[in-house]
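Asks: Below is a structure I'd like to ask you about.
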Amino acid sequence: MHPVLQAAIDESVAAFGAHRVAYAERPDGSVRVTIRGAELGDTWDPQMTDITTTLLVSFPTTQPYPFYLPPNLKRAEGKAMPSNFQNVVVDGQAALQLSVRPLGNRTVQSFPALIAGVASWMRTH
Amino acid sequence: MSWSIEMTASDYSALSSHLHPGDHDEHAAFCFAGVAKGPGGPRLVVRRVVPVADEEFPISHGAGYRSIVPRAVARAAIECDAMGLCLLWAHSHPASTNRVALSPQDLRTAEHTFPALSDLTHGRPVGVLVLGTNSAGGQVHMGTTPERIGRLRVVGSPTVDLRPEPRAGVATDERFARQVLLFGNVGQRRLAELTVAVVGVGGGGSLIVQILAHLGVGHLMLLDHDVVKRLNLSRIVGANASDIGRSKVEVLAQLARSINPEIDVRAYVADVTFVQDAQLLCGADVVFLATDTAFARHAVNLVCHQYLIPFFQVGAKVATDTESGVVDVIHVVDRAFLFTAGCMHCAGTVPLDRLQREQQSEEENRAQDYLGQGGADIEDPSVITLNAIAASHAATDFLLTFTGLARIDVPNALVFYPLEREMRSRKADRRRGCPYCDPCSDASAFARGDTWPLQLRPGASPGRLEIRQQAPPPWWKRVFKSLRPRRPS
C-alpha cells in the first residue's frame with residue numbers, strides 16, 4: 024500500500040480505534056475502508072452503522088466519494104430517505120449509496136475528519 | 194556513467210547567488226535531493242537548497258582553505274535523512290569560469306567524510322558539487338567508488354546544462370543547415386542528445402512526433418496503449434487505412450524513422466497510470482503530454498514533478514452547449530511546466546470528477562450516473578487544424594527552452610481562441626501544500642525521485658509491450674547516405 028494511503032488508514036485507527044477500522048487493498052492500488060459503529064443519532068434505525076468508502080490511488084487529490092451503508096438502514100419513524108441515497112449493488116453486494124461531500128470540494132486533509140463529517144451530515148438530515 | 198544533478202531555475206538562482214555573491218571568496222551550501230536511477234543514467238534531483246552561513250564555513254586552520262563546521266554538517270545530514278533524501282555538499286570556486294574541478298583538498302575531504310555522511314543518511318548517495326561561474330562538476334559517492342558528476346541541469350526557461358569543461362564543437366548534418374542558422378550547432382547537438390517522451394500519440398501527439406523528428410531530436414520514446422481506428426484517420430499524421438488495428442506507437446515510430454532514419458525510437462504500448470509504465474518516463478529529458486484522459490494527465494504531472502522532468506501539455510478543446518449543440522468556445526492550449534509556477538492540479542487542468550470516474554469500476558460509475566449518461570464521458574470534437582496549432586506552439590516553446598533561445602520565463606499556458614482570434618497567456622500560482630509541486634510541503638512528492646514510491650496503480654499495465662523494429666542492416670545506411678542530395682559547391 025502506498026504510504027499516503029497507509030497514513031490515512033493509520034490516522035483512522037488512531038481516531039476511531041483499530042477494532043472499528045477494516046480495510047482491504049484492491050488490485051488497482053485503491054483501498055476499500057469501512058469504519059464500523061458510526062453514531063447517527065435517533066433519527067436513524069439502527070442508530071449506529073458502518074460507513075464504507077474507497078481511497079483511490081489519487082487520494083487526497085480525489086476525495087473519497089460516495090459512501091456505502093448497509094441496505095437495511097432506514098429513517099426512524101418511517102420518514103422518507105433523503106434524495107441523495109440510492110440502492111446500488113457494489114462488488115456484488117447490495118448497499119445504500121450516500122452521495123455527499125460533507126467538506127465541500129476542497130482537498131481532504133484528514134480522512135477521519137471526512138468520515139466524521141459524513142456521520143455529522145446524517146445526524147442533521 | 195556520470196551523474197547528472199538537476200535543479201529548478203529558482204533553486205539554482207538561490208544557490209548561485211549564495212555561492213557567487215561577487216566577493217571572489219568561497220561559499221558553501223547543502224542540497225537535499227532525491228535520487229533517480231533511470232535508463233538515462235543516475236540523477237540527483239534537488240528538492241531544497243540550504244545555504245551554509247559564512248560563520249559556519251570559516252577559514253580552516255588545517256589543510257585546505259575553508260571547511261564547514263561539523264555541527265552544520267551534522268545538522269544538514271540529520272535534516273536531510275529525516276526527509277529521506279540524499280545530501281549534496283556544494284561550494285564555489287570563484288576563480289573558475291567555464292572549467293571547474295574538485296581540488297585535491299576537496300577530494301581528500303570527500304574521501305574522509307562521505308562514509309560517515311552516507312551512514313547518517315542510511316546509505317543513500319552522498320555528493321560534492323563544485324560550481325564555477327559558468328561550470329559545474331563534482332562527485333557522487335555510493336559505496337566505495339566515487340562517480341563523476343558530468344552535468345548540472347538547470348530546469349527553467351531556458352533549460353541550461355553546466356558541465357565541468359567546455360565541449361568540443363561538432364559539425365551538423367546538412368539537412369539541419371537552415372535551422373542551425375537560428376540556434377547554432379550547439380543547439381542542434383542539444384536536440385540530438387535529448388530523449389523526448391511523447392505520452393499519447395493521437396491527434397496532437399502524432400504532430401509532435403512528426404515535428405520532433407524533423408527538428409533532429411535524437412531519441413524519442415512513444416507511449417500509448419491504443420490502436421489506430423478508422424475515426425482516428427482524420428487527424429493522426431502518418432496513419433492511413435492500412436494501419437487500422439495497428440498500435441498507434443508502431444505507426445508513429447515508423448513515421449519518425451521515415452523522416453530521420455538515424456533517430457532512435459522506443460515505442461511502448463503502455464499506460465502511464467501504472468507505476469512500471471510511468472517509470473519509463475524517468476529515462477526522458479522532457480515529456481510531451483498529449484492525452485485527454487484525466488488519469489494520464491494526473492500520472493504525468495506526478496512523475497514529472499517527482500523526477501523533475503520538464504513537460505509540455507498540448508490540447509485543443511471545443512465546448513458545445515449541451516442543449517443546442519452550438520459551439521460555445523474553441524480554445525487551443527500549450528502549457529509549459531518548467532517548475533516556475535503551479536502544476537496541472539494547481540492550474541485546474543485535471544478535472545477531478547473525471548479523474549475519479551476513470552479509476553472507478555463501470556458498476557460504480559453507473560451507480561453515480563446522476564445525469565443519465567450511462568456513466569460514459571461525452572466525446573469531444575477533435576480537428577487536426579486545432580491540434581496543429583497546439584502542437585506547433587508546444588514544440589516552439591520546447592525548442593526555445595532547450596536550445597537556449599528563451600529570453601523570458603515561458604508562461605504556464607498559452608491559450609489561443611480561434612473564434613475570437615485572440616491569444617492569452619496564463620500563469621497558475623503554486624498552491625500551498627500541493628502534494629505534487631510544493632517543495633515546502635512534507636507531503637509533497639516534488640523532487641523525491643526513487644526515494645518515494647510513485648502513487649499510481651501498482652505494477653505494469655496488462656498489455657504493456659515494447660515494440661522493437663530491427664535495426665537497418667549495415668548496407669542500408671550506406672545506400673541512404675549515397676542517395677542523399679549534396680549541396681552544390
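Protein chains in written order, with the numbering used here: chain A, 24 to 148; chain B, 194 to 682. Note that the Cβ used here is the ideal one computed from N, Cα and C, for glycine as well. Since we're looking at a predicted model, the values are computed, not measured.
#1: Would you list the residues sitting across from P742(B) in a DSSP beta bridge?
#2: Would you mind reading off the limits of the alpha helix (DSSP H) that contains E687(B)?
#3: Hey, is D417(B) close to the ligand SAM, as in C-beta under 7 Å from one of its heavy atoms?
#4: From G115(A) to R600(B), what does the alpha carbon distance come to, in whole angstroms?
#5: For the stretch 50-69 of chain A, enumerate the residues whose C-beta is nearer than 9 Å to any C-beta of chain B, in chain order.
#6: Quick check: what's the CA-CA separation for L495(B) versus F467(B)?
#7: Cβ closer than 7 Å: which chain B residues qualify as neighbours of Y46(A)?
#8: Could you check the C-alpha separation between G325(B) and F369(B) for me, to the nearest Å?
#9: Hey, out of H498(B), A487(B), V520(B), A529(B), whose CA is closest to V507(B)'s CA?
#10: Could you tell me the distance, in whole angstroms, from the CA atom of K441(B) to the CA atom of A587(B)?
#11: Report yes if the C-beta distance between N425(B) and G395(B) is below 8 Å; otherwise report no.
#12: What span of residues does the beta strand (DSSP E) with T326(B) cover, start to end?
#13: If you measure beta-carbon to beta-carbon, which residues of the stretch 524-548 of chain B are closer than 7 Å to chain A?
#14: DSSP has F481(B) in a bridge; who is on the other side?
#15: Within 8 Å of any Cβ in chain A, is that where the Cβ of Q506(B) sits?
#16: Do you know whose CA, among L300(B), G316(B), P351(B), H305(B), lies nearest V323(B)'s CA?
#17: Identify, in the order they occur along the chain, each residue of the same chain with its Cβ nearer than 8 Å to the Cβ of A172(B), setting aside the five sequence neighbours on each side.
#18: Leaving aside the five residues before and after A221(B) along the sequence, list all residues of the same chain whose C-beta is less than 6 Å from its C-beta, in chain order.
#19: Terminal residues of the continuous alpha helix (DSSP H) containing V379(B)?
#20: Give the C-beta separation of V80(A) and D33(A) to the nearest angstrom, bearing in mind that I take them to be a contact with Cβ-Cβ under 8 Å.
#21: Name the residue from V333(B), G336(B), S350(B), S328(B) whose alpha carbon lies nearest to the alpha carbon of R356(B).
#22: Assess, as a yes-or-no matter, whether the stretch 285-294 of chain B is touched by the stretch 209-228 of chain B under the definition of 3 or more beta carbon pairs within less than 8 Å.
#23: So W196(B) and E340(B) are in contact, right, with Cβ under 8 Å, and what is the actual spacing, rounded?
#24: Grab me the residues of H211(B)'s own chain with a C-beta within less than 7 Å of its C-beta, minus the 5 sequence neighbours each way, in chain order.
#25: Measuring alpha carbon to alpha carbon, tell me which of V410(B), D366(B), R428(B), Q648(B) ends up nearest S575(B).
#26: Given that R650(B) touches chain A, what residues does it touch there, using C-beta distances under 9 Å?
#27: Anything in chain B within Cβ reach of H25(A), meaning under 9 Å, just list it in chain order.
#28: What residues are listed by DSSP as bridge partners for S46(A)?
#29: May I have the straight-line CA-CA distance separating T75(A) from Y88(A), to the nearest angstrom?
#30: Comparing the C-beta of H213(B) with each C-beta of chain A, is any distance below 8 Å?
#31: On the criterion of 16 or more Cβ atoms from any shown chain inside 10 Å, does N605(B) qualify as buried, or is it exposed?
#32: By Cβ distance below 8 Å, which residues in the same chain neighbour I452(B) in space, the five residues on each side in sequence not counted?
#33: Grouping DSSP H, G and I as helix and E and B as strand, with all else coil, what is M145(A)?
#34: Under 8 Å, Cβ to Cβ, is there at least one residue of chain B near Q120(A)?
#35: Give me the subset of the stretch 610-629 of chain B whose CB atoms are less than 7 Å from a CB atom of chain A, sorted by chain position.
#36: Flag this pair as yes or no: are the beta carbons of L612(B) and A509(B) separated by less than 8 Å?
Replies: Inspection of the coordinates gives the following:
#1: Nothing can be reported for residue 742(B), as the shown portion of chain B is limited to 194 through 682.
#2: The question about residue 687(B) has no answer, for chain B in this structure spans 194 to 682.
#3: Absence of the ligand SAM is noted for the structure shown, with no ligands found whatsoever.
#4: Position 92 of the first sequence, counting from 1, holds the residue named residue 115(A). Position 407 of the second sequence, counting from 1, holds the residue named residue 600(B). Between the alpha carbons of G115(A) and R600(B) lies a distance of about 59 Å.
#5: Under the 9 Å Cβ criterion, the stretch 50-69 of chain A contributes P50, D51, G52, S53.
#6: Taking the first residue of the second sequence as 1, we reach residue 495(B) at position 302. Taking the first residue of the second sequence as 1, we reach residue 467(B) at position 274. Computed Cα separation, rounded: 12 Å.
#7: Taking the first residue of the first sequence as position 1, residue 46(A) is located at position 23. Within 7 Å of the CB of Y46(A), no CB atom of chain B is found; the nearest one sits about 16 Å away.
#8: Looking up residue 325(B) in the second sequence gives position 132. Looking up residue 369(B) in the second sequence gives position 176. Approximately 33 Å, taken between the alpha carbons.
#9: On the second sequence, residue 507(B) is found 314 positions in, with the first residue counted as 1. Among H498(B), A487(B), V520(B), A529(B), the Cα nearest to that of V507(B) is on A529(B).
#10: For the purposes of this step, residue 441(B) is identified with residue 248 of the second sequence, where counting begins at 1. For the purposes of this step, residue 587(B) is identified with residue 394 of the second sequence, where counting begins at 1. The C-alpha of A587(B) is placed about 21 Å away from the C-alpha of K441(B).
#11: Here residue 425(B) refers to the residue found at position 232 when the second sequence is read from its first residue. Here residue 395(B) refers to the residue found at position 202 when the second sequence is read from its first residue. Cβ atoms of N425(B) and G395(B): closer than 8 Å.
#12: As a working note, residue 326(B) is residue 133 in the second sequence. T326(B) -> no beta strand (DSSP E), and no H or E assigned at all.
#13: Here the close residues are H538, L545, L548.
#14: The residue labelled residue 481(B) in the question sits at position 288 within the second sequence. DSSP, once it has assigned bridges, lists V391(B), F505(B) as partnering F481(B).
#15: Translated into positions along the second sequence, residue 506(B) becomes position 313. So no, Q506(B) is outside the interface.
#16: In the second sequence, residue 323(B) corresponds to position 130, counting from 1. Ranking the options by Cα distance to V323(B), first place goes to L300(B).
#17: Limits of chain B in this structure are 194 at one end and 682 at the other, which puts residue 172(B) out of reach.
#18: Taking the first residue of the second sequence as position 1, residue 221(B) is located at position 28. The residues are V245, F250, I261, H284.
#19: Walking along the second sequence from the start, residue 379(B) turns up at place 186. Note, V379(B): alpha helix (DSSP H), 370-386.
#20: Residue 80(A) sits at position 57 when you count from the first residue of the first sequence. Residue 33(A) sits at position 10 when you count from the first residue of the first sequence. About 17 Å; that fails the 8 Å criterion.
#21: As a first step, residue 356(B) must be located in the second sequence, where it is residue number 163. Nearest C-alpha to R356(B): S328(B).
#22: Taking 8 Å as the limit for Cβ pairs, the verdict is that the stretch 285-294 of chain B does touch the stretch 209-228 of chain B.
#23: As a position in the second sequence, residue 196(B) is number 3, starting the count at 1. As a position in the second sequence, residue 340(B) is number 147, starting the count at 1. Your pair W196(B) and E340(B) checks out as a contact, with CB atoms roughly 6 Å apart and the cut at 8 Å.
#24: In the second sequence, the residue the question calls residue 211(B) occupies position 18. Result list for H211(B): H220, A222, P244, in chain order.
#25: Stepping through the second sequence from its first residue, residue 575(B) is reached at position 382. Checked all of V410(B), D366(B), R428(B), Q648(B); the closest Cα to S575(B) is R428(B).
#26: In the second sequence, counting from the first residue as 1, residue 650(B) sits at position 457. Within chain A, the residues near R650(B) are P50, D51, G52, S53, V80.
#27: Taking the first residue of the first sequence as 1, we reach residue 25(A) at position 2. Simply P646, L647, Q648, L649, P651.
#28: Here residue 46(A) refers to the residue found at position 23 when the first sequence is read from its first residue. According to the sequence displayed, residue 46(A) carries Tyr and not Ser. Y46(A) is bridged by DSSP to V56(A).
#29: Taking the first sequence and counting its residues from 1, one reaches residue 75(A) at position 52. Taking the first sequence and counting its residues from 1, one reaches residue 88(A) at position 65. Near 10 Å, if we compare the C-alpha coordinates of Y88(A) and T75(A).
#30: Residue numbering aside, residue 213(B) sits at position 20 when the second sequence is read from its first letter. Output row for H213(B): interface = no.
#31: Reading the second sequence from its first residue, position 412 is the one you call residue 605(B). With at least 16 other beta carbons inside 10 angstroms of its own, N605(B) counts as buried.
#32: Position 259 of the second sequence, counted from the first residue, corresponds to residue 452(B). The residues are Q403, A406, H407.
#33: Translated into the one-based positions of the first sequence, residue 145(A) becomes position 122. Residue state, collapsed to three classes: helix.
#34: Start at 1 with the first residue of the first sequence, and residue 120(A) comes out as number 97. Taking 8 Å as the CB threshold, Q120(A) lines the interface with chain B.
#35: Residues of the stretch 610-629 of chain B whose Cβ lies closer than 7 Å to any Cβ of chain A, in chain order: P628.
#36: Translated into positions along the second sequence, residue 612(B) becomes position 419. Translated into positions along the second sequence, residue 509(B) becomes position 316. No, these two residues do not count as a Cβ contact at 8 Å.
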